[in-house]
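When we follow this note's numbering, the leftmost residue of the sequence shown carries the number 75, and every step to the right adds one. Ideal Cβ placement from N, Cα and C applies to all residues, glycine included. Reading through the structure tokens given below for one structure.
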Amino acid sequence: MVAIMPPKIPRRAKVLLLRAWHAYHLSVGGRPATQFGRNLQDRDRLSYGFEADFQIESYLRHQGISFVDRFDANSYLYITRAMDYFDLAADFGGTLADAFANTKARFCVVSFTSDWLFRPAKAFRWCAR
């Protein structure tokens with residue numbers, strides 16, 4: 075079942091929803107969303123209000139606004155859901171090595187240190203098999 079975001083939801087609510095979703099995904103892969111620590115954003119002390127006191131809040135606010143401006147929310151939900159369901163290894167005993175065992179092609183595996191989900195160490199393990 076895919077959740078559809080009704081079009082009548084105000085833009086600001088969509089931004090908040092996407093910020094919450096992004097915060098959740100930042101924590102996937104063993105790296106918490108608090109990687110920014112408790113560093114303050116452009117201020118010397120806490121405001122005790124609803125402004126972005128911390129760098130992570132500022133980052134998530136920016137990402138939420140960017141997502142809403144660049145993506146149709148329903149399309150984004152379908153794409154991320156398809157990514158969640160896709161598991162190539164599942165049909166081959168649970169390993170990518172088995173999935174590609176009979177392949178004669180060569181592969182180029184690329185990973186970035188800034189990718190929090192598929193880190194270079196994981197790419198190296200894939201290639202070692």
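Check whether residue i and residue j have beta carbons under 8 angstroms apart
i: residue 127; j: residue 115; result: yes
i: residue 147; j: residue 163; result: no
i: residue 200; j: residue 151; result: no
Strand pairing of residue i, partner residues [DSSP]
i: residue 114; result: 128
Nearest-angstrom Cβ-Cβ length linking residue i and residue j, presumed shorter than 8 angstroms
i: residue 183; j: residue 195; result: Actually they are not in contact, since the Cβ atoms of residue 183 and residue 195 sit about 12 angstroms apart, beyond 8 angstroms.
> Unbroken beta strand (DSSP E) runs of length 3 or more, entirely within the stretch 120-175: which are they?
Replying inline: none
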